[in-house]
Amino acid sequence: MSESPGSLAVLGAPPRFREPLHVGKPSVGDRTAFLARVEAILDRGWFTNNGPEVIELEQRIAARLGVEHCVVVNNGTTALGILMRAANVKGEVLVPSFTFVATAHALTWEGIEPVFCDIDPETWTLDPDACEAAITPATGAILGVHLFGNACDTDRLSDLADKHGLPLFLDAAHAFGCSHHTRPLGGFGRGEAFSFHATKAFHTFEGGAITTNCEELATKARLLRNFGFSGYDAVVSLGTNAKMPEVCAAMGLANLDRFDEHVRGNRSVFETYARSLAEISGIRLRRPTPGESHNWHYVVIEVDRQALGLSRNQLQKALVAENVLARRYFFPGCHAMEPYASRNPGASDRLPHTIAAASRVLVLPGGQAITDDQAQTVCDLIRAAASRGDEIRAVLHDGGQEVVEEGVGP
Ligand code: T4K
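My numbering numbers the first residue of the sequence shown as 1436 and each following residue consecutively.
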């Protein structure tokens, strides 16, 4: 890091970071505790199928989230699919397009048609009015997404669901450790689905969970994750293999031991970004709702091209050149990806807020992936890029690297 503060890799200087800085580099919780648990697993010779680590993890998550049932599974995509199947959802499900594609894929995999509805421009979560306009006799459920850990408008979505006799489900993939009305997310709607993928605030290498206060739903989900077995030789329903291995549950337990400490570290990084980015015109950092708990895992900015002098895509290129692997989550929106784009021609006409968000969003390395000092350096790089916008735009054009306009390109 011997370069002068204004030097930029996109303009020919060496990259500021030698190693890539990722969004969502996995955390390792209590390493000693994890290794001790792995020893115990090896000694027991019980590696999967509802072993003691899985049972302990389920109990601790249920207690932490204040829900009656937690059913852990092998990933968040399966958690969503099993949730739909356990609740016998059919037909169409109303979802945001501005989410990771797994939300839509999980539905499609279950033979359900995702119907993409627009988001609220402030919260970037499912807009209840857009949902209401999309309800038809084929609608089977509403599936909101607590995007980046920020809660959906569960009050209005619940009212809407009740009014039309529909179940409400929530994709809580990003939301472990976050609250709504000061209640932990996980206990809203008929059921919620978490992802515990390695890149998440809380992870089990790969994994996920269904949380619910509905006993029938939980019982069905348990059967579905284990081939429909209710006991040895007794199969009572269709099922799949969605079991979480013991070693994954052990990682989860070791991460739970350190979760609150990690969240404090995440918040410190976030506040470093907040202080420094506040001075840069054209960058808006999205803050969690005041008064709610949050995991502070994602550092999400919106780029105002006019004010910054660079488009979101140009800024991303400048950062990637520095080895800062900022991501455009969730560009361009599910509706613009296959198999949805060909099934939904013209969908963008009814998704203006989705398109606006997808064209401006950039997620910076945060959480356990980065130190406060590194966060400060990323901010310095953004400030330097903003001050040299003319040169960067010229280089990106003149270098033959096509600058992709927001909302249209890859
Ligand atoms: N619903 C929502 C709203 C979701 O966001 C997700 C998943 C789901 C449902 C489905 O849950 P899962 O079935 O995945 O449990 C990632 C994750 O794969 C995905 O879990 C996550 N959301 C999504 C937002 O991000 P990619 O394709 O960006 O991740 P990947 O594997 O390329 O990793 C991102 C970066 O992290 C890499 O550039 C390198 C770094 N990394 C990654 C891994 C896996 C590491 O440093 N170490 C690692 O072990 O999708």
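The beta carbon of each residue, even a glycine, is placed where N, CA and C say it ideally should be.
Reduced DSSP secondary structure (H/G/I, E/B, other) of I1736: Start at 1 with the first residue of the sequence shown, and residue 1736 comes out as number 301. Correct three-state label for I1736: strand.
Task: Coarse secondary structure for L1750, derived from DSSP in three states - done: In the sequence shown, residue 1750 corresponds to position 315, counting from 1. DSSP, reduced to helix, strand and coil, places L1750 within a helical segment of the structure shown.
- Shortest alpha-carbon distance to A1448 belongs to which of H1832, L1816, I1645, A1821? By one-based count along the sequence shown, residue 1448 stands at place 13. Residue nearest to A1448 within the set H1832, L1816, I1645, A1821 is L1816 (criterion: CA-CA distance).
*Is G1626 helix, strand or coil by DSSP?*
In the sequence shown, residue 1626 corresponds to position 191, counting from 1. Secondary structure of G1626 (DSSP, three-state): strand.
message = A1576 and G1511 - do their beta-carbons sit closer together than 9 Å?
response = The residue labelled residue 1511 in the question sits at position 76 within the sequence shown. The residue labelled residue 1576 in the question sits at position 141 within the sequence shown. With contacts defined by Cβ atoms closer than 9 Å, G1511 and A1576 do not form a contacting pair.
Within 10 angstroms of the Cβ of I1827, are there 16 or more other Cβ atoms? Answer buried if so, exposed if not. Numbered from its first residue, the sequence shown carries residue 1827 at position 392. By the 10 Å Cβ count, I1827 comes out buried.
Let me make sure I understand the geometry here. Which of R1660, E1696, W1731, D1606 has the alpha-carbon closest to that of G1674?
Locating residue 1674 in the sequence shown gives position 239, counting from the first residue. Here the closest residue by C-alpha is R1660.
| field | Pair within 9 Å by beta-carbon distance, F1604 and G1624 | value | Here residue 1604 is taken as the residue at index 169 of the sequence shown, counted from 1. Here residue 1624 is taken as the residue at index 189 of the sequence shown, counted from 1. Cβ distance < 9 Å, so F1604 and G1624 count as in contact.
Under 8 Å: do the region 1555 to 1573 and the region 1585 to 1600 share three or more Cβ pairs, one atom per stretch? Pairwise C-beta distances place the region 1555 to 1573 in contact with the region 1585 to 1600, as three or more of them are shorter than 8 Å.
Check: Nearest to T1617 by alpha carbon, out of G1687, V1670, D1465, T1724?
Finding: Translated into the one-based positions of the sequence shown, residue 1617 becomes position 182. T1724 is the residue among G1687, V1670, D1465, T1724 whose C-alpha sits nearest the C-alpha of T1617.
In whole angstroms, what is the alpha-carbon distance linking A1810 and E1773? Here residue 1810 corresponds to residue number 375 of the sequence shown, with the count starting at 1. Here residue 1773 corresponds to residue number 338 of the sequence shown, with the count starting at 1. Here the C-alpha atom of A1810 lies approximately 35 Å from the C-alpha atom of E1773.
| request: Apply the 10 Å Cβ neighbour rule to G1802 and answer buried if 16 or more other Cβ atoms are within range, or exposed otherwise. | output: For this step, residue 1802 is matched to residue 367 along the sequence shown. For G1802, the number of other beta carbons within 10 angstroms of its own is at least 16, and it is reported as buried.
Between which two residues does the alpha helix (DSSP H) containing E1696 stretch?
Walking along the sequence shown from the start, residue 1696 turns up at place 261. E1696 -> alpha helix (DSSP H) spans 1681 to 1712.
* Asked: Just curious, the beta strand (DSSP E) that C1613 is in, first and last residue?
  -> Here the question's residue 1613 lines up with position 178 in the sequence shown. Per DSSP, C1613 lies in no beta strand (DSSP E) segment and is marked neither H nor E.
task: Could you tell me whether the region 1781 to 1788 touches the region 1723 to 1738, using the rule of 3 or more Cβ pairs below 8 Å?
output: Here the region 1781 to 1788 makes no contact with the region 1723 to 1738; the two share fewer than three CB pairs at distances below 8 Å.
Residue burial classification, R1699 (beta-carbon count within 10 angstroms, cutoff 16):
Position 264 of the sequence shown, counted from the first residue, corresponds to residue 1699. R1699 comes out exposed.
Can you tell me whether DSSP reads V1530 as helix, strand or coil?
Position 95 of the sequence shown, counted from the start, is the residue given in the question as residue 1530. Strand, per DSSP.
Task: A1656 CB to nearest heavy atom of ligand 1 below 8 Å - done: Stepping through the sequence shown from its first residue, residue 1656 is reached at position 221. For A1656, the shortest C-beta to heavy atom distance toward ligand 1 is 8 Å or greater.
> The alpha helix (DSSP H) with S1777 in it runs from where to where?
Replying inline: Taking the first residue of the sequence shown as position 1, residue 1777 is located at position 342. Residues 1775 to 1778.
query: Pick from L1492, F1631, I1496, K1635: whose alpha carbon is nearest that of P1619?
result: As a working note, residue 1619 is residue 184 in the sequence shown. Ranking the options by Cα distance to P1619, first place goes to I1496.
Which ranges would you report for the alpha helix (DSSP H) in the region 1572 to 1608 if only whole runs of at least 4 residues count? Secondary structure in the region 1572 to 1608: the alpha helix (DSSP H) runs of 4 residues or longer, each lying completely within the stretch, are 1589 to 1598 in chain order.
What would DSSP say about P1619, mapped onto helix, strand or coil?
Sequence index remark: in the sequence shown, residue 1619 carries index 184 (1-based). Strand at P1619.
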